[in-house]
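In the working numbering, the protein residues as written are 14 to 180.
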(Lines of atoms letter the chains of each structure in order from A and count residues from 1; the text may use other names and numbers.)
(Lines give C-alpha, C1' and ligand atoms only; values in the text may rest on other atoms or scores of the structure.)
Protein backbone atom coordinates (compact mmCIF):
# COMPACT_ATOMS: atom_id res chain seq x y z
CA UNK A 1 0.00 0.00 0.00
CA UNK A 2 2.82 2.39 0.88
CA UNK A 3 4.55 1.63 -2.43
CA UNK A 4 1.32 2.30 -4.38
CA UNK A 5 0.89 5.59 -2.57
CA UNK A 6 4.45 6.61 -3.42
CA UNK A 7 4.00 5.64 -7.08
CA UNK A 8 0.77 7.63 -7.32
CA UNK A 9 2.36 10.65 -5.69
CA UNK A 10 5.44 10.36 -7.91
CA UNK A 11 3.21 10.15 -10.97
CA UNK A 12 1.39 13.28 -9.81
CA UNK A 13 4.67 15.04 -9.06
CA UNK A 14 6.14 14.19 -12.46
CA UNK A 15 2.99 15.19 -14.31
CA UNK A 16 2.74 18.46 -12.39
CA UNK A 17 6.39 19.20 -13.19
CA UNK A 18 5.66 18.68 -16.88
CA UNK A 19 2.41 20.64 -16.82
CA UNK A 20 3.77 23.55 -14.82
CA UNK A 21 7.20 23.82 -16.48
CA UNK A 22 9.08 22.21 -13.62
CA UNK A 23 8.02 24.79 -11.07
CA UNK A 24 6.60 22.09 -8.81
CA UNK A 25 9.19 20.50 -6.58
CA UNK A 26 9.34 17.18 -4.77
CA UNK A 27 9.56 18.84 -1.36
CA UNK A 28 5.89 19.74 -1.54
CA UNK A 29 4.87 16.24 -2.63
CA UNK A 30 7.12 14.64 0.00
CA UNK A 31 5.42 16.75 2.62
CA UNK A 32 1.99 15.58 1.41
CA UNK A 33 2.77 11.89 1.95
CA UNK A 34 5.12 12.48 4.87
CA UNK A 35 8.33 11.01 3.41
CA UNK A 36 11.83 12.38 2.93
CA UNK A 37 12.48 14.33 -0.24
CA UNK A 38 15.58 12.25 -1.11
CA UNK A 39 13.59 9.00 -0.93
CA UNK A 40 10.86 10.43 -3.12
CA UNK A 41 13.47 11.69 -5.61
CA UNK A 42 14.84 8.14 -5.93
CA UNK A 43 11.34 6.75 -6.55
CA UNK A 44 10.81 9.51 -9.13
CA UNK A 45 14.01 8.55 -10.99
CA UNK A 46 13.00 4.87 -10.94
CA UNK A 47 9.54 5.76 -12.21
CA UNK A 48 10.89 7.87 -15.08
CA UNK A 49 13.30 5.09 -16.00
CA UNK A 50 10.40 2.56 -16.07
CA UNK A 51 8.45 4.70 -18.52
CA UNK A 52 11.58 5.00 -20.69
CA UNK A 53 11.84 8.72 -19.97
CA UNK A 54 8.75 9.36 -22.07
CA UNK A 55 6.92 12.05 -20.15
CA UNK A 56 4.57 12.76 -23.03
CA UNK A 57 2.64 10.01 -24.79
CA UNK A 58 0.78 10.02 -28.07
CA UNK A 59 -3.01 10.07 -28.33
CA UNK A 60 -3.31 6.39 -29.30
CA UNK A 61 -1.43 5.22 -26.21
CA UNK A 62 -3.42 7.62 -24.02
CA UNK A 63 -6.72 6.16 -25.29
CA UNK A 64 -5.37 2.65 -24.68
CA UNK A 65 -4.61 3.52 -21.04
CA UNK A 66 -8.05 5.13 -20.59
CA UNK A 67 -9.77 1.99 -21.94
CA UNK A 68 -7.69 -0.14 -19.59
CA UNK A 69 -8.59 2.07 -16.61
CA UNK A 70 -12.31 1.99 -17.51
CA UNK A 71 -12.17 -1.80 -17.81
CA UNK A 72 -10.59 -2.07 -14.36
CA UNK A 73 -13.11 0.35 -12.85
CA UNK A 74 -16.16 -1.49 -14.25
CA UNK A 75 -15.76 -4.29 -11.75
CA UNK A 76 -15.62 -1.94 -8.78
CA UNK A 77 -18.85 -1.17 -6.92
CA UNK A 78 -20.09 2.42 -7.07
CA UNK A 79 -19.67 4.40 -3.88
CA UNK A 80 -22.77 4.42 -1.70
CA UNK A 81 -22.27 8.01 -0.69
CA UNK A 82 -22.93 9.57 -4.08
CA UNK A 83 -26.60 10.53 -4.36
CA UNK A 84 -28.58 9.62 -7.44
CA UNK A 85 -30.46 12.21 -9.48
CA UNK A 86 -33.75 11.22 -7.85
CA UNK A 87 -32.27 11.63 -4.37
CA UNK A 88 -30.86 15.05 -5.22
CA UNK A 89 -34.20 16.10 -6.72
CA UNK A 90 -36.03 14.94 -3.59
CA UNK A 91 -33.55 16.81 -1.38
CA UNK A 92 -34.10 19.99 -3.40
CA UNK A 93 -37.87 19.64 -3.09
CA UNK A 94 -37.62 19.11 0.66
CA UNK A 95 -35.37 22.13 0.94
CA UNK A 96 -37.83 24.21 -1.11
CA UNK A 97 -40.70 23.21 1.18
CA UNK A 98 -38.67 24.06 4.30
CA UNK A 99 -37.60 27.34 2.72
CA UNK A 100 -41.21 28.28 1.98
CA UNK A 101 -42.22 27.43 5.57
CA UNK A 102 -39.41 29.61 6.90
CA UNK A 103 -40.50 32.49 4.66
CA UNK A 104 -44.09 32.15 5.87
CA UNK A 105 -42.97 32.16 9.51
CA UNK A 106 -40.90 35.29 8.87
CA UNK A 107 -43.85 37.02 7.17
CA UNK A 108 -46.18 36.08 10.03
CA UNK A 109 -43.68 37.38 12.58
CA UNK A 110 -43.33 40.62 10.65
CA UNK A 111 -47.12 41.06 10.54
CA UNK A 112 -47.36 40.40 14.27
CA UNK A 113 -44.57 42.87 15.00
CA UNK A 114 -46.21 45.52 12.82
CA UNK A 115 -49.59 44.91 14.44
CA UNK A 116 -48.06 45.19 17.92
CA UNK A 117 -46.19 48.32 16.90
CA UNK A 118 -49.39 49.88 15.50
CA UNK A 119 -51.36 49.00 18.64
CA UNK A 120 -48.73 50.52 20.90
CA UNK A 121 -48.56 53.53 18.58
CA UNK A 122 -52.34 53.93 18.69
CA UNK A 123 -52.29 53.58 22.49
CA UNK A 124 -49.60 56.25 22.71
CA UNK A 125 -51.57 58.56 20.43
CA UNK A 126 -54.81 58.02 22.33
CA UNK A 127 -53.04 58.69 25.66
CA UNK A 128 -51.59 61.89 24.23
CA UNK A 129 -54.99 62.91 22.86
CA UNK A 130 -56.65 62.16 26.22
CA UNK A 131 -53.98 64.17 28.02
CA UNK A 132 -54.49 67.09 25.65
CA UNK A 133 -58.27 66.93 26.05
CA UNK A 134 -57.90 66.76 29.82
CA UNK A 135 -55.65 69.80 29.88
CA UNK A 136 -57.98 71.67 27.54
CA UNK A 137 -60.97 70.62 29.65
CA UNK A 138 -59.31 71.83 32.85
CA UNK A 139 -58.56 75.15 31.20
CA UNK A 140 -62.12 75.52 29.96
CA UNK A 141 -63.51 74.91 33.44
CA UNK A 142 -61.37 77.75 34.66
CA UNK A 143 -62.77 80.12 32.06
CA UNK A 144 -65.99 81.94 32.52
CA UNK A 145 -68.23 83.44 29.83
CA UNK A 146 -66.91 86.83 30.85
CA UNK A 147 -63.36 85.70 30.09
CA UNK A 148 -64.43 84.53 26.66
CA UNK A 149 -65.74 87.99 25.93
CA UNK A 150 -62.47 89.49 27.04
CA UNK A 151 -60.52 87.30 24.64
CA UNK A 152 -62.43 88.66 21.70
CA UNK A 153 -61.96 92.23 22.87
CA UNK A 154 -58.90 94.36 22.34
CA UNK A 155 -57.42 93.81 25.77
CA UNK A 156 -54.08 92.05 26.00
CA UNK A 157 -53.18 89.03 28.06
CA UNK A 158 -50.53 91.03 29.85
CA UNK A 159 -53.14 93.35 31.35
CA UNK A 160 -55.17 90.44 32.56
CA UNK A 161 -53.93 87.47 34.56
CA UNK A 162 -56.88 85.29 33.66
CA UNK A 163 -56.34 82.66 31.00
CA UNK A 164 -58.08 83.27 27.71
CA UNK A 165 -58.78 81.24 24.62
CA UNK A 166 -58.05 82.83 21.32
CA UNK A 167 -60.19 81.85 18.38
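Glycine is no exception: its CB is placed at the ideal position from the N, C-alpha and C atoms.
Note that the structure is a prediction, hence the values are computed from the model and not measured.
Euclidean distance between Cα positions of residue i and residue j
| i | j | result |
| --- | --- | --- |
| residue 127 | residue 108 | 28 Å |
| residue 78 | residue 72 | 10 Å |
| residue 122 | residue 110 | 18 Å |
| residue 115 | residue 99 | 24 Å |
| residue 102 | residue 113 | 17 Å |
| residue 47 | residue 19 | 10 Å |
| residue 129 | residue 120 | 14 Å |
| residue 83 | residue 68 | 22 Å |
| residue 24 | residue 56 | 10 Å |
| residue 66 | residue 88 | 32 Å |
| residue 80 | residue 74 | 10 Å |
| residue 117 | residue 131 | 21 Å |
| residue 59 | residue 70 | 18 Å |
| residue 64 | residue 76 | 17 Å |
Three-state class that DSSP yields for residue i in the structure shown
| i | result |
| --- | --- |
| residue 71 | coil |
| residue 66 | coil |
| residue 131 | helix |
| residue 82 | helix |
| residue 22 | helix |
| residue 52 | helix |
| residue 38 | coil |
| residue 47 | coil |
Sequence-distant residues of its chain with Cβ nearer than 6 Å to residue i (five each side left out)
| i | result |
| --- | --- |
| residue 50 | 39, 40 and 43 |
| residue 7 | This structure gives no information on residue 7, because the portion of the chain shown stretches from 14 to 180. |
| residue 124 | none |
Proximal residues to residue i (C-beta, below 8 Å), its chain only, five neighbours per side dropped
| i | result |
| --- | --- |
| residue 61 | 27 and 68 |
| residue 22 | 42, 45, 46 and 53 |
Sequence-distant residues of the same chain with beta carbon closer than 7 Å to residue i, five excluded per side
| i | result |
| --- | --- |
| residue 105 | none |
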